[in-house]
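Visitor: Starting off with a structure, shown below.
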Amino acid sequence: MHKADADPDMSSGPAPAAAAPASPSQTPAEGAVSALWSYGKCLAALLPVYLAGYYGFSISLVLLGLMIYMGYKHSRLEKEMRLKSTMYLQENEKEFTTQKHFRSRRDLPPWINFPDVEKVEWLNKILQQAWPFVGQYLEKLLVGTIAPAIRASNIHLQTLSFTKVNLGEKALKLVGIKAHTEQDKRQVMLDLYLSYAGDVEINVEIKKYFCKAGVKGVQLNGKLRVILEPLIGDMPLVGAITMFFIRRPKLDINWTGLTNLLDIPGLNAMSDTMIMDAIASHLVLPNRLTVPLVADLHVAQLRSPLPRGVVRIHLLEAEDLAAKDTVIKGLIDGKSDPYAVLRVGTQIFTSHHVDSNLNPQWREMYEVIVHEVPGQELEVEVFDKDPDQDDFLGRAKIDLDIVKKARIVDDWFNLRDVSSGSIHLRLEWLSLLSSADRLSEVVQKNQNLTAKSADPPSAAILAFYLDQAYALPLRKGNKDPSPMVQITVQDATKESKICYGTNSPVWEDAFTFFIQDPRKQDIEIQVKDDDRSSPLGSLTIPLSRILESHELTLDQWFQLEKSGSASRLYAKIVLRILWLSDEASPTTPSPPSSGSGSGLGQEETSSNQNSTGPGGLTKPQPSRPQNTTPDPEFATEGVLRIHLVEAQNLIAKDNFMGGMVKGKSDPYVKIRVAGITFRSHTIKENLNPVWNELYEVILTQLPGQEIQFELFDKDIDQDDFLGRFKLNLRDIISAQFVDTWYTLNDVKSGRVHLVMEWLSRVTDLQRLDQVLQYQSQQSYQNKVVPSAAVLFVYVERAHGLSLKKNGKEPKAGVEVTLKNVSHKTKICERSTSPRWDEAFHFLVRDPRDETLTVKLSHSWGQSLGSLTVHLKEVLTEPGLVRDQWFSLDGALPESQILLRVNLKILDSQLAVCRSAGGDGSVEQVIPKWDPLHLDLKHRTGFSMVAENASSAGQVKLTIGYSAEESRLFIIIHSCRALAACSKDGADPYVSFVLLPDKKATTKRRTTTKKRDLNPEFNERFDFDFTLEESMQKRLDLSVKHSSSFMSREKEVIGKLQLDLDQIDLKAGVAQWYDLVAESN
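Positions in the sequence shown are counted from 1; adding 53 to them yields my numbering.
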């Protein structure tokens, strides 16, 4: 609360120390010393006056010094009073508010509450109880860690020490918490309203220079946003914590010691501003602090996610501004020289000033990146340009969430904190498109726009996520470099941080650029040493290459030029087209609600907007949006198809006579992914079962997701375990198509054959017939028909619903049904125009024959209307999207619901490969799985192949270590040029063991390939070893010929022995190895 609202008698509560009476036990000697000290202070105060007169100085110097001293004392007293008042109000908030403050006004009604912001007094009690221990930790941190680091950083600070560290008794207070869960189902967003008025005392001393400084009392107020994302299915349930201030918090520091000089008027504002700039560089948007809680997260993308959108600001004109340049001390009104300052977070723009005009016209355009809505605001301040200090002419604030919903806002905004004035703005919300289909149209529109600003309109926005580099060249003397990266797009250059002393740096930085025409621009990347003069490599990427990539995204390793042969850089580059919908029409933003609030959001309230403009003309009221405004993540889910084919060599669990007679097993499989469990049918008495079952699941791409496969033997009592294995979803998405055998873990033998595919989603209607033809040719044991499409439905709002029979407004909910699958929205509070903003998805077998049903009801009882959408009608829409208001059947004539129905065809590689050239008689080869896709570092194919084949042949292996799964993996790809063992060639297979292994627990073998001297296996084997244990192993591998027991044919074709410490296991490179023929 502001100081002016405080009780005038408040300061008399705690009596000042100066007013305390002298102690009766004071000795005469102590009294005499006290009197002499007072007399000495008086002489010291008069000494400057005497010296000024003695040396003939002007009295003006004395008066100037006196004024500075009085200003300093006044500033100090005011700051101390402000600190004491804030402390008093926090300690006596309830008593002061109810008994004093509101008695001077009208008492608040008892039914008023603050539903948006929840008080958390229990958390404040915990903070108060734990505050002394927080102080102890801070003291250890400052004294034990920070102080030595400061002393080592500069020779002049070698005697620096913290003489006192005391956080005081006043703990940080959470005034309220507001939770946002409606934005994204995969995150939790919290707004923490922080208030701290503490008696903290921290003193610093530099003994070498007899310098003492410190802080005694700090005030901090602001709104901290905390985002918990991504939500995952494993502990700790949250992948990372991201926090930041949406706007700069308010800070007030009470200095002591030498830093008292910072309290002189003029310097105090400068010092607090410098500190706030340092805080803003780390914790104010777009800067974020991200703390990962699980491994393998893209921290750079969490720290700098894709923006929510871009707002194009047209600063047009202003009217009726106040006149500040008056004549004859205000007797004659003059003019003003106005200019505007626009702020969105840390993005600041300043217009040119217009001379002597109270109705200026600027006609300027700016583009700002919006990171968080709701939350971020556009703040416009108007000033009068003067030679000394510019005069304030008013301000306006606009919530950018209003612009996002309206798409275009073209309106006059009244200027606040002044008697008159308004400003005309046109605000356009530009959506981010992941397709380049509309790029030419966007560029053409931008060419037709004229603006006085130096920067032309942008057609796209580029996000560059710089991850890491590998094997950069060394400096002279074989010393490791300290690399940094300079990224240039047109005239804009940005630099990464410096990674000291490494040739494989990890930056995890993110950068954003505005792009005028991506068809003509390039990205210039320079990797340099920290002196910025020693180049370590370079790279040029034309943006036209990104336009040809899937979803305008490149996520891969790039080979560096003018660098080492193995030097490469990993980055993710995302391009988004800026699109302003043609259907958007200018609207007037809704005025802020007039309901009472907690007082927390006063600084966040949008500018007051009257229904009439400056000229008294009535302005248009907000119109209903014609299209939905879903979250950018809407319709980004993918579909995983799992074909469970067969298994081999399973262990027998149904033994007889105590295990003396081997029996069989009755195997079945459980598949778990994203909280969904599939179970195959049971095959009786078979150790080599063939299931031939198909499963499909819609998944969101989250880091760390796994697919678990477990095999069991069906028994009457308890099912026996037959093995398990896990697959990383990211590996499957990277490979797109996987067809291979997987060895079962935790059992002696057994493997499973799977065909998995991450299906491409296209909007090409011609592909639908090929997909449906492929469907008709498939037959699976579990009677599943492959899906031909995936349907996304976004339920935004309804309008004009009917009242209940008792005349009350309904509590409306929506049920969306496709065939036998049904989803329900939340139930809204009583309203005839409810809003849900919820998204659902369905798998579609044949979109030509299926129908979507939407039913509205009051609390799932009384019907409020329904509608049906035939998907064959959606197939005729551009982009397979229908986004509009639908009239409801069985309801009022004006009852409507706003829906977005988005259909995407699931394009399978198998459908492509098996499609006929003309008459259906030609069948192409099904694409084989390339295991190199499993390793992120080898997406561009860094493989080494030995060219010298020995007489016994060669074997191709990939030996690597997966840090994500903490496993050693060996992939046996193929053999070539094997020696023949009989007149029919050979029936080769590969067996190996990892030495030392006394019990042969690591012994494995592949399947046998009949009559093939160049067999392909493509089988993967996993071992639960640490990296250190893996480095100590020796691979003993043999390629053998499968012959009968009585045959005299040679069994061993060739052998290979390899120490794993000689291999870069982290790289996991596929390589050909020579086989050595076994000697007699």
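Glycine included, C-beta positions come from ideal geometry on N, C-alpha and C.
Bear in mind that the values here come from a model prediction, so they are computed numbers and not experimental data.
Name the two residues that bound the continuous beta strand (DSSP E) containing N274.
Guide: C264 to L281
Visitor: Measuring only the C-alpha atoms, how far is E171 from V347?
Guide: Taking the CA atoms as reference points, E171 sits about 30 Å from V347.
Visitor: Going residue by residue through the stretch 547 to 612, where are the continuous alpha helix (DSSP H) segments of at least 4 residues, counting only ones entirely within it?
Guide: 596 to 600
Visitor: Using the beta-carbon count (16 or more within 10 Å), is F155 buried or exposed?
Guide: Interpretation of F155 is limited by its pLDDT of 48, a score under 50 that renders its predicted location unreliable; no figure is taken from the coordinates.
Visitor: CB Q574 to CB V538, shorter than 9 Å?
Guide: no
Visitor: Please work out which residues of its chain come closer than 8 Å, Cβ to Cβ, to K217, disregarding the five sequence neighbours upstream and downstream, and give them in chain order.
Guide: E254, I255, N256 and G267
Visitor: Is the beta carbon of I760 less than 9 Å from the beta carbon of V726?
Guide: Yes, these two residues count as a Cβ contact at 9 Å.
Visitor: Check whether the stretch 226 to 244 touches the stretch 185 to 194, counting contact only when three or more Cβ pairs, one atom from each stretch, lie closer than 8 Å.
Guide: no
Visitor: Quick check on DSSP: helix, strand or coil for L492?
Guide: Of the three classes helix, strand and coil, the one that applies to L492 here is helix, per DSSP.
Visitor: For V998, count neighbouring C-beta atoms within 10 Å of its own C-beta (all shown protein chains included) and say buried if the count is 16 or more, exposed if not.
Guide: The predicted position of V998 is uncertain, since its pLDDT is 34 and thus under 50; a value taken from the coordinates is nonetheless stated next. So V998 ends up on the exposed side.
Visitor: So, helix, strand or coil for G188, using DSSP?
Guide: helix
Visitor: Shorter than 9 Å from the beta carbon of Q754 to some beta carbon of chain C?
Guide: The chain labelled as chain C is not found in the depicted structure, where only one protein chain is given.
Visitor: Give the C-beta separation of G270 and D252 to the nearest angstrom, bearing in mind that I take them to be a contact with Cβ-Cβ under 8 Å.
Guide: 6 Å
Visitor: Over what stretch of residues does the alpha helix (DSSP H) that includes A97 continue unbroken?
Guide: P81 to Y107
Visitor: So which of T1011, K1051 and A1030 has the shortest CA-CA distance to L1113?
Guide: T1011
Visitor: When you compare the CB positions of V824 and I695, do they come within less than 9 Å of one another, or not?
Guide: Taking 9 Å as the Cβ cut-off, V824 and I695 do not qualify as a contacting pair.
Visitor: Can you tell me whether Y1014 is helix, strand or coil according to DSSP?
Guide: Note: Y1014 maps to strand in three-state DSSP.
Visitor: With DSSP run on the structure shown, which of helix, strand or coil describes I880?
Guide: coil
Visitor: Given a threshold of 16 other Cβ atoms within 10 Å of its Cβ, counted over all protein chains shown, does D988 qualify as buried or as exposed?
Guide: Any reading at D988 needs caution, since the residue's pLDDT is 37, under 50, leaving its predicted position unreliable; the model's value is listed next. The residue in question, D988, is buried, as its Cβ has 16 or more Cβ neighbours within 10 Å.
Visitor: Nearest to R677 by CA position, among Q819, D443 and Q937, is which residue?
Guide: Q937
Visitor: What separation, rounded to the nearest whole angstrom, lies between the Cα atoms of D822 and A842?
Guide: 12 Å
Visitor: Once you ignore the five residues that flank V241 on each side, which residues in its own chain have a CB closer than 6 Å to its CB?
Guide: L281
Visitor: Within 10 angstroms of its Cβ, does S660 collect 16 or more other Cβ (buried), or is it exposed?
Guide: Note that S660 scores 38 on pLDDT, short of 50, meaning its location in the model is unreliable; the coordinates nonetheless yield the value given after this. Burial call: buried.
Visitor: Short of 6 Å in beta carbon distance, which residues of its chain neighbour S597, apart from the five on each side in sequence? Order them along the chain.
Guide: Same-chain partners within the cutoff: R572.
Visitor: Taking only the alpha-carbon atoms, compute the straight-line gap between S389 and D441 and give it to the nearest angstrom.
Guide: Taking the straight line joining both Cα atoms gives about 14 Å.
Visitor: Starting from the Cα of L116, find the closest Cα among P101, A1033, S855 and L631 and give me that residue.
Guide: P101
Visitor: Taking 9 Å as the threshold (C-beta atoms), are V471 and F445 in contact?
Guide: In this structure, F445 lies near V471, with their beta-carbon atoms less than 9 Å apart.
Visitor: Quick check: what's the CA-CA separation for A1032 versus T1059?
Guide: 18 Å
Visitor: Would you mind giving the Cβ-Cβ distance between K457 and T682, rounded to the nearest angstrom? I have them listed as a contact below 8 Å.
Guide: 7 Å between Cβ atoms; contact.
Visitor: Could you compute how far the alpha carbon of A1123 sits from the alpha carbon of D1075?
Guide: 16 Å
Visitor: Near Y392, what residues of its chain come up, given a Cβ to Cβ distance below 7 Å and the 5 sequence neighbours on each side ignored?
Guide: These residues qualify, in order along the chain: T403, S404, H405, H406, F436 and K438.
Visitor: From P536 to E561, what does the alpha carbon distance come to, in whole angstroms?
Guide: 13 Å
Visitor: Please list the terminal residues of the continuous alpha helix (DSSP H) segment that includes R677.
Guide: First-last for R677: undefined, no H or E at that position.
Visitor: Is the CB-CB distance between I203 and L210 below 9 Å?
Guide: yes
Visitor: Can you find the residues in the same chain that come closer than 6 Å, C-beta to C-beta, to H923, ignoring five residues on each side of it along the sequence?
Guide: The beta carbon of H923 sits closer than 6 Å to those of T904, all from its chain and outside the five residues before and after it, given in chain order.
Visitor: Excluding the five sequence neighbours on either side, which residues of its own chain have a C-beta within less than 6 Å of the C-beta of A1130, listed in chain order?
Guide: A1005 and G1107
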